[in-house]
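Asker: Right, I'll just put the structure down here and ask away after.
Residue numbers (our numbering): 6 to 314.
Structure follows, in structure tokens:
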């Protein structure tokens, strides 16, 4: 009961602020970032640091509004001051990547310009990893280092509380430090609902373009009779779009006929049109152009059938 109340309070508190600050849909993964999460995303490195969103925002089992990205997890704390309401989950710690602190004789010299030691965790950051760390937000974005750099799977890496860096010498100079996809790894390791990663899981999802398919019930017919055309409307990920209106234009040898389908697409994204025709020319295909409208979006496709006898 307490958990349910907390979930409700977080969702209610988050909704007004999130709705006021805009949203951005990422076609690459089919997910939307909005509100305070979007503001934090843009202000702290965007795609280069966090990668693409792999879920929409959702309330986790602990009653916290969160969103997973390829490299990170955003967490919303409406009870905090405005500048600290969005925090990053300590994914590397949660995944068990921490190491014991350095021994006293291993701590870099305080005047070493290529290394920076952090008393908070007893680890240092050096060289190219230090440059990337300082240029992309430091502790606020990555957290403190929780281990020294080392080799893993033939790759130089270093873990921080909220991220892990990788060294890729084969890439151009400005791209040699990359971030591990800890968000993706953590999502799988924590065995979260895989449905959360499916495109269109959120009510806030936008539809950048429509995908339209159409087919006749009878591909081959007689020269007279009736035909039924089935139309499916989805977004670019194949998720059904409900409420789209459809118009069909059939090109008979005797002339064009236009049909406005009487019903919009249903919750499966499907609608259909049945129409009679008479004395079509045998052996001549009847092309049918389909035009779809949904809000301010349009989509087109075509199909045909062949009168044969």
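Don't be surprised by glycine CBs; every beta carbon is placed ideally from N, CA and C.
Along the chain, which unbroken stretches of the beta strand (DSSP E) at least 3 residues long are found entirely within the stretch 72 to 148?
Answerer: Correct list: 78 to 81, 91 to 93, 120 to 123, 128 to 131.
Asker: I'd like the list of long-range same chain contacts for residue 229, defined as Cβ closer than 6 Å, with 5 residues on each side in sequence excluded.
Answerer: Start at 1 with the first residue of the chain shown, and residue 229 comes out as number 224. If we look at residue 229 and ignore the five residues flanking it on each side, its Cβ neighbours are 283, 284.
Asker: Which of the three DSSP states is assigned to residue 209 in this structure?
Answerer: Locating residue 209 in the chain shown gives position 204, counting from the first residue. A caution first: residue 209 carries a pLDDT of 46, below 50, which makes its placement in the model unreliable, though a value can still be read off. In this structure, residue 209 counts as coil in the three-state DSSP scheme.
Asker: Counting beta carbon pairs with one atom in the stretch 243 to 251 and one in the stretch 294 to 306, are three or more of them shorter than 8 Å?
Answerer: Yes, they touch.
Asker: Where are the alpha helix (DSSP H) runs, 4 residues long or more, that stay fully inside the stretch 196 to 264, in chain order?
Answerer: Listed in chain order, nothing qualifies, since the stretch 196 to 264 has no complete alpha helix (DSSP H) run of 4 or more residues.
Asker: Could you pull the start and end residues of the beta strand (DSSP E) that residue 280 belongs to?
Answerer: One-based indexing of the chain shown puts residue 280 at position 275. Taken as a continuous stretch (DSSP letters only), the beta strand (DSSP E) holding residue 280 covers 275 to 282.
Asker: Under 7 Å Cβ to Cβ from residue 209, same chain only, skipping five residues before and after it: list those, please.
Answerer: The residue you call residue 209 lines up with position 204 of the chain shown. Confidence is the limiting factor: at residue 209 the pLDDT is only 46, short of 50, which leaves the residue's position unreliable and the question unanswerable from this model.
Asker: Can you tell me whether DSSP reads residue 39 as helix, strand or coil?
Answerer: The residue labelled residue 39 in the question sits at position 34 within the chain shown. If DSSP states are grouped into helix, strand and coil, residue 39 belongs with the strands.
Asker: When burial is assigned at 16 or more other CB atoms within 10 Å of the CB, is residue 223 buried or exposed?
Answerer: In the chain shown, counting from the first residue as 1, residue 223 sits at position 218. Burial call: exposed.
Asker: Rounded to whole angstroms, what is the Cα-Cα separation between residue 202 and residue 177?
Answerer: Numbered from its first residue, the chain shown carries residue 202 at position 197. Numbered from its first residue, the chain shown carries residue 177 at position 172. If you take the alpha carbons of residue 202 and residue 177, they lie about 31 Å apart.
Asker: With a threshold of 7 Å on Cβ separation, who are the neighbours of residue 4 within its own chain once the five nearest residues in sequence on each side are excluded?
Answerer: For the chain, the structure presents residues 6 to 314; residue 4 sits outside this window and is missing.
Asker: Look at the alpha carbon of residue 46 and the alpha carbon of residue 52, and state the distance between them as a whole number of angstroms.
Answerer: As a position in the chain shown, residue 46 is number 41, starting the count at 1. As a position in the chain shown, residue 52 is number 47, starting the count at 1. Near 8 Å, if we compare the C-alpha coordinates of residue 52 and residue 46.
Asker: Look at the Cβ atom of residue 163, then the Cβ atom of residue 152, and state whether they are nearer than 8 Å.
Answerer: By 1-based counting over the chain shown, the position of residue 163 is 158. By 1-based counting over the chain shown, the position of residue 152 is 147. Yes, the Cβ-Cβ distance between residue 163 and residue 152 is below 8 Å.
Asker: Is it the case that the CB of residue 186 approaches a heavy atom of the ligand ZN more closely than 7 Å?
Answerer: Although the ligand ZN was asked about, the structure shown includes no ligands whatsoever.
Asker: When you compare only the Cα positions, how much space is there between residue 276 and residue 246?
Answerer: Residue mapping note: residue 276 aligns to position 271 of the chain shown, counting from 1. Residue mapping note: residue 246 aligns to position 241 of the chain shown, counting from 1. Their backbone Cα atoms lie some 11 Å apart in a straight line.
Asker: Whole-angstrom Cβ separation of residue 93 and residue 103, contact assumed at under 8 Å?
Answerer: If you number the chain shown from 1, residue 93 lands on position 88. If you number the chain shown from 1, residue 103 lands on position 98. Residue 93 to residue 103, Cβ: 16 Å. No contact.
Asker: Between which two residues does the alpha helix (DSSP H) containing residue 165 stretch?
Answerer: For this step, residue 165 is matched to residue 160 along the chain shown. Premise fails: residue 165 is in no alpha helix (DSSP H) and is neither H nor E.
Asker: What residue range does the beta strand (DSSP E) around residue 296 cover?
Answerer: For this step, residue 296 is matched to residue 291 along the chain shown. 291 to 299 is the extent of the beta strand (DSSP E) around residue 296.
Asker: Beta-carbon separation of residue 30 and residue 188 under 8 Å?
Answerer: Stepping through the chain shown from its first residue, residue 30 is reached at position 25. Stepping through the chain shown from its first residue, residue 188 is reached at position 183. No. Outside cutoff.
Asker: So, helix, strand or coil for residue 307, using DSSP?
Answerer: For the purposes of this step, residue 307 is taken as the residue at position 302 of the chain shown. Looking at residue 307 - three-state DSSP - the assignment turns out to be strand.
Asker: Measure the Cβ-Cβ separation of residue 70 and residue 191 and say whether it is below 8 Å.
Answerer: Residue numbering aside, residue 70 sits at position 65 when the chain shown is read from its first letter. Residue numbering aside, residue 191 sits at position 186 when the chain shown is read from its first letter. Their beta carbons are not under 8 Å apart, which means residue 70 does not touch residue 191 by this criterion.
Asker: Return the CA-CA distance between residue 150 and residue 34, expressed in angstroms with no decimal places.
Answerer: As a working note, residue 150 is residue 145 in the chain shown. As a working note, residue 34 is residue 29 in the chain shown. Straight-line Cα distance between these residues: approximately 30 Å.
Asker: Please go through the same chain and pick out, in chain order, the residues whose beta-carbon is closer than 6 Å to the beta-carbon of residue 133, but skip the five residues on each side of it.
Answerer: Position 128 of the chain shown, counting from 1, holds the residue named residue 133. 182.
Asker: Quick one: what's got a C-beta closer than 7 Å to residue 138's C-beta in the same chain, skipping five residues either side?
Answerer: For the purposes of this step, residue 138 is taken as the residue at position 133 of the chain shown. 130, 147, listed in sequence order.
Asker: How about residue 35: is its C-beta nearer than 8 Å to some C-beta of chain B?
Answerer: Within the model displayed, chain B is absent; a lone protein chain is all it includes.
Asker: Going by DSSP, name the residue or residues bridged to residue 70.
Answerer: Stepping through the chain shown from its first residue, residue 70 is reached at position 65. Bridge partners of residue 70: 64, 81.
Asker: Relative to the alpha-carbon of residue 185, which residue among 42, 43, 56 has its alpha-carbon at the smallest distance?
Answerer: To locate residue 185, count along the chain shown from 1; it is residue 180. Selected option, being the one with the closest Cα: 56.
Asker: With residue 199 and residue 231 assumed to form a contact (beta carbons below 8 Å), what rounded beta-carbon distance in angstroms separates them?
Answerer: For this step, residue 199 is matched to residue 194 along the chain shown. For this step, residue 231 is matched to residue 226 along the chain shown. Not a contact, Cβ separation roughly 44 Å.
Asker: Any idea if residue 207 is buried or exposed, counting beta-carbon neighbours within 10 angstroms, 16 or more meaning buried?
Answerer: Here the question's residue 207 lines up with position 202 in the chain shown. Model confidence at residue 207 stands at a pLDDT of 48, short of 50, so the residue's coordinates are unreliable; what they give is reported in the following sentence. It is buried - the Cβ of residue 207 has at least 16 other Cβ atoms within 10 Å.
Asker: Could you tell me which residues DSSP pairs with residue 182 in its beta bridges?
Answerer: Walking along the chain shown from the start, residue 182 turns up at place 177. Answer is 172.
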